[in-house]
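Colleague: For the working numbering, add 5 to where a residue sits in the sequence shown, where the first one is 1.
Cβ atoms here follow ideal geometry from the backbone N, Cα and C, with glycine treated the same way.
Here's a structure for you.
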Amino acid sequence: MKDLANLLLEGDYTLFMILALMLIFVWLFKDIKKSLLETKKHDLDFLDQSINSYAQVLKTIYLFLNNSIDENDLLNNMYSSYQYFDDSIIKKIDHFASSRFILTQENKSSLLINLSEEINNKLKLLKNNQLHSTIKKNYAFSTFEFFDMVSRNHLDIYCNAFLYSMIIFTIVLSLLIFTLEFSMLNALNLIILTVSIVSCLLWLFSISMSIELLIDKRYKNPLFFILFVLLPFILAYFIKIFPYSLLKLLFVFIFICSIIISFFMNVKYAKNKK
Numbered sequence: 006m007k008d009l010a011n012l013l014l015e016g017d018y019t020l021f022m023i024l025a026l027m028l029i030f031v032w033l034f035k036d037i038k039k040s041l042l043e044t045k046k047h048d049l050d051f052l053d054q055s056i057n058s059y060a061q062v063l064k065t066i067y068l069f070l071n072n073s074i075d076e077n078d079l080l081n082n083m084y085s086s087y088q089y090f091d092d093s094i095i096k097k098i099d100h101f102a103s104s105r106f107i108l109t110q111e112n113k114s115s116l117l118i119n120l121s122e123e124i125n126n127k128l129k130l131l132k133n134n135q136l137h138s139t140i141k142k143n144y145a146f147s148t149f150e151f152f153d154m155v156s157r158n159h160l161d162i163y164c165n166a167f168l169y170s171m172i173i174f175t176i177v178l179s180l181l182i183f184t185l186e187f188s189m190l191n192a193l194n195l196i197i198l199t200v201s202i203v204s205c206l207l208w209l210f211s212i213s214m215s216i217e218l219l220i221d222k223r224y225k226n227p228l229f230f231i232l233f234v235l236l237p238f239i240l241a242y243f244i245k246i247f248p249y250s251l252l253k254l255l256f257v258f259i260f261i262c263s264i265i266i267s268f269f270m271n272v273k274y275a276k277n278k279k
């Protein structure tokens, strides 16, 4: 603290600025990590509640088909779990409720059997997601099993919190640098600075998306992750070591293209999953 005070008295604010930026980054990281952990906990709680509701409704349908309960009990149970159902199941429930007085018993049974099959399939999917989040089924090492472990131990939250903090931090710092340098740069250097800032931001977003896609097993081949994340690092290294020349400009062009391609390919993989 004494050395820091001496530096401030001497007019050297570099160390002070570095410490201030580090504190801001740590604060961002902690705040984002807390928010992501709360979101994940909420999602897991909702998943548990959804499984219980689907199972209860499935049980109620089976009881009705075996004449153990009446239609009112069946509908009350279905609508009490309404918030957990997707559109397809909701439409079938609404159709049954609105047409129950004109449907024959055979048609009712057929509709409920189809509904029970859809609920059962959905229940299996939810249960698989729950097991993926809580239980490690295989201790043998593999790439995907490793990332299952990462997700279950919230390491993905820490990684995403770090990346989101980096993105926000980079945006703020870039805007600050851009503002300070704006009046001192010529048109060409200003364009280069702008392109560099935008490319780096896209790169950070792409890294975040790549990690999420890898953890969710959306890549057909994990080598895509290495290509999308590490290639820009390698190109950035060559840009750094090469002197100003046509070769350096070529590496800059490839660097920008690789970031843009990786970003849009990640977006495509994310959409294909949906």
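Please say whether residue 117 and residue 70 have beta carbons closer to each other than 8 Å?
Modeller: Position 65 of the sequence shown, counted from the first residue, corresponds to residue 70. Position 112 of the sequence shown, counted from the first residue, corresponds to residue 117. Yes; because the gap between Cβ atoms is below 8 Å, this pair is in contact.
Colleague: Tell me whether residue 214 is buried or exposed, calling it buried when 16 or more other Cβ atoms sit within 10 Å of its Cβ.
Modeller: For the purposes of this step, residue 214 is taken as the residue at position 209 of the sequence shown. Its Cβ being crowded by 16 or more others within 10 Å, residue 214 is buried.
Colleague: Would you decide whether residue 204 is buried or exposed? Buried here means 16 or more other CB atoms lie within 10 Å of its CB.
Modeller: The count along the sequence shown starts at 1 and reaches residue 204 at position 199. Per the 10 Å Cβ criterion, buried.
Colleague: Just to confirm, are residue 209 and residue 171 a CB contact at a threshold of 8 Å?
Modeller: What you label residue 209 is simply residue 204 of the sequence shown in a count that begins at 1. What you label residue 171 is simply residue 166 of the sequence shown in a count that begins at 1. Result yes, Cβ atoms of residue 209 and residue 171 sit closer than 8 Å.
Colleague: In terms of alpha-carbon separation, which member of 258, 46, 245 lies closest to residue 135?
Modeller: What you label residue 135 is simply residue 130 of the sequence shown in a count that begins at 1. It is 46 whose Cα lies nearest to the Cα of residue 135.
Colleague: Please report the straight-line C-alpha distance between residue 99 and residue 272, rounded to a whole angstrom.
Modeller: The residue given as residue 99 occupies position 94 in the sequence shown. The residue given as residue 272 occupies position 267 in the sequence shown. So the two alpha carbons sit approximately 35 Å from each other.
Colleague: To which residues of the same chain is residue 268 closer than 6 Å at the C-beta, ignoring the five residues directly before and after it?
Modeller: Your numbering for residue 268 matches position 263 in the sequence shown. For residue 268, where only same-chain residues beyond five positions count, the Cβ hits under 6 Å are 207, 211.
Colleague: Which term fits residue 22, buried or exposed, when burial requires 16 or more other beta carbons within 10 angstroms of its beta carbon?
Modeller: As a first step, residue 22 must be located in the sequence shown, where it is residue number 17. So residue 22 counts as exposed.
Colleague: Excluding sequence positions up to five away, which residues of its chain have a Cβ less than 6 Å from the Cβ of residue 101?
Modeller: By 1-based counting over the sequence shown, the position of residue 101 is 96. Closer than 6 Å at the Cβ level, and outside the excluded window around residue 101, lie 116.
Colleague: Could you have a look at residue 85 and say whether DSSP puts it in helix, strand or coil?
Modeller: By one-based count along the sequence shown, residue 85 stands at place 80. Correct three-state label for residue 85: helix.
Colleague: Evaluate the contact criterion for the stretch 62-69 versus the stretch 81-91: three or more CB pairs, one atom per stretch, below 8 Å.
Modeller: Segments in contact, yes.
Colleague: Excluding the 5 residues flanking residue 111 on each side, which residues of the same chain have their C-beta closer than 6 Å to its C-beta?
Modeller: On the sequence shown, residue 111 is found 106 positions in, with the first residue counted as 1. Around residue 111: no qualifying Cβ.
Colleague: So, residue 123 versus residue 103, is the Cβ gap smaller than 8 Å?
Modeller: Walking along the sequence shown from the start, residue 123 turns up at place 118. Walking along the sequence shown from the start, residue 103 turns up at place 98. Going by C-beta atoms, residue 123 is not nearer than 8 Å to residue 103.
Colleague: Between the alpha carbons of residue 41 and residue 218, how many angstroms are there, rounded?
Modeller: As a first step, residue 41 must be located in the sequence shown, where it is residue number 36. As a first step, residue 218 must be located in the sequence shown, where it is residue number 213. The alpha-carbon atoms of residue 41 and residue 218 are separated by roughly 17 Å.
Colleague: Entirely within the stretch 14-68 and at least 4 residues each: give me those alpha helix (DSSP H) ranges in chain order.
Modeller: For the stretch 14-68, not a single whole alpha helix (DSSP H) run of length 4 or above is found.
Colleague: For residue 26, which option in 49, 55, 133, 178 has the closest C-alpha, if you only look at C-alpha atoms?
Modeller: As a first step, residue 26 is located in the sequence shown; it is residue number 21 there, counting from the start. Answer by Cα proximity: 178.
Colleague: Can you tell me the Cα-Cα spacing of residue 185 and residue 192, whole angstroms?
Modeller: Numbered from its first residue, the sequence shown carries residue 185 at position 180. Numbered from its first residue, the sequence shown carries residue 192 at position 187. Using only the alpha carbons, I get a separation of about 15 Å.
Colleague: Under 6 Å Cβ to Cβ from residue 89, same chain only, skipping five residues before and after it: list those, please.
Modeller: As a position in the sequence shown, residue 89 is number 84, starting the count at 1. Excluding sequence neighbours, residue 89 sits near 55, 58.
Colleague: By DSSP, does residue 75 sit in helix, in strand, or in coil?
Modeller: On the sequence shown, residue 75 is found 70 positions in, with the first residue counted as 1. Reduced to three states, the DSSP call for residue 75 is coil.
Colleague: Please classify residue 107: does DSSP put it in a helix, a strand, or coil?
Modeller: The residue given as residue 107 occupies position 102 in the sequence shown. Here residue 107 sits in coil by DSSP.
Colleague: Just verifying my parser: in three-state terms, what is the DSSP assignment at residue 90?
Modeller: Start at 1 with the first residue of the sequence shown, and residue 90 comes out as number 85. The answer is coil: DSSP assigns residue 90 none of H, G, I, E or B.
Colleague: Select from 265, 48, 247 the residue whose C-alpha is nearest the C-alpha of residue 131.
Modeller: By 1-based counting over the sequence shown, the position of residue 131 is 126. Comparing Cα positions, the closest option is 48.
Colleague: Leaving out five residues on either side along the sequence, give the residues of the same chain with a beta carbon under 8 Å from the beta carbon of residue 76.
Modeller: Start at 1 with the first residue of the sequence shown, and residue 76 comes out as number 71. Correct list, in chain order: 69, 105.
Colleague: Which same chain residues, not among the five before or five after residue 79, have their C-beta less than 6 Å away from its C-beta?
Modeller: Looking up residue 79 in the sequence shown gives position 74. Closer than 6 Å at Cβ, skipping near neighbours: 65, 69.
Colleague: Just checking my contact of residue 259 with residue 228 at CB under 8 Å: how many whole Å lie between their CB atoms?
Modeller: Taking the first residue of the sequence shown as position 1, residue 259 is located at position 254. Taking the first residue of the sequence shown as position 1, residue 228 is located at position 223. Incorrect: roughly 19 Å between the Cβ atoms, too far for contact.
Colleague: What whole-angstrom Cβ distance do residue 244 and residue 253 have, given they're in contact under 8 Å?
Modeller: Along the sequence shown, read from residue 1 onward, the residue named residue 244 stands at position 239. Along the sequence shown, read from residue 1 onward, the residue named residue 253 stands at position 248. Indeed, because the Cβ distance is near 6 Å, the residues count as touching under 8 Å.
Colleague: So, with DSSP's three-state summary, where would you put residue 247?
Modeller: Locating residue 247 in the sequence shown gives position 242, counting from the first residue. Coil.
Colleague: Roughly how far, in whole angstroms, is the beta-carbon of residue 183 from the beta-carbon of residue 202, given that I think they are within contact range, below 8 Å?
Modeller: The sequence position of residue 183 within the sequence shown is 178, counting from 1. The sequence position of residue 202 within the sequence shown is 197, counting from 1. About 7 Å; that satisfies the 8 Å criterion.
Colleague: With C-beta atoms as the reference, is residue 34 less than 8 Å away from residue 167?
Modeller: Position 29 of the sequence shown, counted from the start, is the residue given in the question as residue 34. Position 162 of the sequence shown, counted from the start, is the residue given in the question as residue 167. Yes, the Cβ-Cβ distance between residue 34 and residue 167 is below 8 Å.
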